[in-house]
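Protein chains in written order, with full-length UniProt numbering: chain A, 1 to 197; chain B, 1 to 197. Backbone N, C-alpha and C define an ideal beta-carbon position, used for all residues, glycine too. Working notes for the structure below.
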DNA sequence: ATCTAATGTGAGCACTGCATACATGATAGC
DNA sequence: GCTATCATGTATGCAGTGCTCACATTAGAT
């Protein structure tokens with residue numbers, strides 16, 4: 001774990017940049033993230049980060065990739081082995097919670113016209129996709145997993161963004177949790193009603 | 001309809017700015033939208049827009065508000081009087097289609113930490129909310145409309161963003177349409193299956 | 001010990017949002 | 001019709017941005 005010695009070379013500037021960027025994102029929001037600020041926080045000249053990141057986008061992508069991993073952990077922690085729709089709702093709550101706790105990071109992860117060729121990023125999102133797949137298989141063993149995974153991820157992801165953007169009230173965490181639970185329930189009972197009708 | 005005469009005063013600079021901004025958004029993407037470019041396209045000095053917009057954000061919000069209205073029209077045009085889940089799927093397809101046709105606009109509408117106090121914007125999103133409400137009432141007359149509206153909007157919105165961001169393949173429109181149809185179907189049959197089990 | 005390539009520095013360019021001081025002219029009151 | 005007013009436009013300038021390029025330093029291979 002290379003400490004920042006008072007030497008010419010930093011040691012691990014790349015990692016330092018990512019975590020500095022991460023911090024600035026949390027503190028000041030996405031638009032305020034400048035390479036100069038990142039460099040300053042890393043204790044290095046303004047142009048040094050360019051030795052490790054092709055451009056600003058590459059740095060943001062690296063931070064986003066870290067975000068995907070954290071999101072995955074956060075979800076896993078919400079429920080170790082989900083099996084029922086209620087368990088699924090708890091995971092949905094965790095997803096939205098993550099978005100609201102780290103709004104700028106979440107936006108960096110999803111709301112930027114990012115380079116789809118970014119490897120680290122692609123791998124991290126593939127991991128999330130796989131997680132959702134497993135989740136769906138466990139909760140709805142009879143269903144067609146591909147389509148239902150898309151549905152579940154979309155539903156949860158949409159909930160996150162609508163809360164983030166103020167389209168759904170996001171002041172009280174308990175209220176949010178309640179809304180998500182009833183949203184998931186409503187979606188499922190609606191389907192049942194259609195099948196009956 | 002004030003034409004841009006060669007006079008000192010423009011006539012309707014506010015509208016000209018909004019449409020110039022709209023054009024630049026479509027052409028070059030969101031990040032490239034600068035007030036200077038807008039002013040130039042409107043044939044006016046760089047700081048003139050500030051007479052009509054407090055800051056860049058206010059201009060973007062105005063464009064976003066226009067976007068909400070267009071989205072609403074686009075959805076209404078997709079199906080005049082939806083009554084079945086299949087009709088709903090067609091509207092979902094239209095929603096995603098709009099996002100993919102106008103990515104930068106859609107991001108401006110949803111993916112910016114916007115000022116929630118912006119009146120025009122709030123009104124426009126309230127209109128969309130009402131539209132979804134009516135849609136849900138028509139398609140699922142037995143359901144609790146509040147929760148199910150949230151569910152439907154979230155599902156569709158999530159689909160739009162996951163396609164926009166490359167998390168779901170968005171190359172072939174027909175394939176997208178097919179995926180959305182089976183996604184909606186999967187979501188509903190999953191609920192039915194749970195009720196049975 | 002020396003050479004080389006990786007890594008960091010500094011100056012500088014074109015651009016940005018925005019503030020400030022000033023120019024113009026549509027229009028309301030006489 | 002004349003003139004004062006004030007919304008609307010212009011010109012200039014500042015601080016901050018991403019990024020490039022020439023140069024400095026030093027870790028590690030030979």
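Residue environment, residue 67 (chain B), which counts as buried when at least 16 other CB atoms sit within 10 Å: Residue numbering aside, residue 67 (chain B) sits at position 67 when the second chain is read from its first letter. Under this definition residue 67 (chain B) is a buried residue.
Within-8 Å CB hit, residue 65 (chain A) to chain B: If you number the first chain from 1, residue 65 (chain A) lands on position 65. Not one chain B Cβ lies under 8 Å of residue 65 (chain A).
Proximal residues to residue 60 (chain A) (C-beta, below 6 Å), its chain only, five neighbours per side dropped: Taking the first residue of the first chain as 1, we reach residue 60 (chain A) at position 60. Here the set comprises 108.
Helix, strand or coil at residue 34 (chain A) according to DSSP, with G and I counted as helix: For the purposes of this step, residue 34 (chain A) is taken as the residue at position 34 of the first chain. Here residue 34 (chain A) sits in coil by DSSP.
Distance between residue 119 (chain B) and residue 62 (chain B) (C-alpha atoms, nearest Å): Mapped onto the second chain, residue 62 (chain B) falls at position 62. Mapped onto the second chain, residue 119 (chain B) falls at position 119. Those two C-alpha atoms are separated by around 10 Å.
Assigned secondary structure, residue 156 (chain A) (DSSP; H/G/I helix, E/B strand, else coil): Against the first chain, residue 156 (chain A) aligns to sequence position 156. Residue 156 (chain A) falls in the helix class under three-state DSSP.
C-alpha distance - residue 47 (chain A) paired with residue 32 (chain B), whole-angstrom precision: Start at 1 with the first residue of the first chain, and residue 47 (chain A) comes out as number 47. Start at 1 with the first residue of the second chain, and residue 32 (chain B) comes out as number 32. Taking the straight line from one Cα to the other gives about 22 Å.
Own chain, CB closer than 8 Å to residue 38 (chain A), minus 5 neighbours either side, in chain order: Taking the first residue of the first chain as 1, we reach residue 38 (chain A) at position 38. So the list reads 17, 20, 21, 24, 49, 59, once near-sequence residues are dropped.
Endpoints, alpha helix (DSSP H) assigned at residue 103 (chain B): The sequence position of residue 103 (chain B) within the second chain is 103, counting from 1. For residue 103 (chain B), the enclosing alpha helix (DSSP H) covers residues 103-110.
The stretch 118-134 of chain B / the stretch 171-181 of chain A touching (three or more Cβ pairs under 8 Å): No: the two stretches stay apart, fewer than three of their Cβ pairs being nearer than 8 Å.
Neighbourhood of residue 103 (chain B) by C-beta, 8 Å cutoff - its chain only, sequence neighbours within 5 removed: Looking up residue 103 (chain B) in the second chain gives position 103. Cβ within range, chain order: 29, 164.
Chain B within 8 Å of residue 133 (chain A), Cβ atoms only: Position 133 of the first chain holds residue 133 (chain A). So, not an interface residue.
Limits of the alpha helix (DSSP H) - the one that residue 182 (chain A) falls within: Within the first chain, the letter at position 182 stands for residue 182 (chain A). From DSSP, the alpha helix (DSSP H) with residue 182 (chain A) extends over 173-196.
Partner residues on chain A for residue 77 (chain B), Cβ-Cβ distance less than 7 Å: Residue mapping note: residue 77 (chain B) aligns to position 77 of the second chain, counting from 1. Ordered by position in chain A, no residue passes the 7 Å Cβ test against residue 77 (chain B), which lies about 22 Å from the chain.
Contacting residues, own chain, Cβ-Cβ under 8 Å from residue 114 (chain A) (five flanking each side not counted): In the first chain, the residue the question calls residue 114 (chain A) occupies position 114. Closer than 8 Å at Cβ, skipping near neighbours: 57, 60, 61, 64, 121.
Residue environment, residue 45 (chain A), which counts as buried when at least 16 other CB atoms sit within 10 Å: Your numbering for residue 45 (chain A) matches position 45 in the first chain. Around the beta-carbon of residue 45 (chain A), fewer than 16 other beta-carbon atoms lie within 10 Å, marking it exposed.
Three-pair Cβ contact test at 8 Å for the stretch 71-83 of chain B versus the stretch 187-196 of chain A: No, the stretch 71-83 of chain B is not in contact with the stretch 187-196 of chain A.
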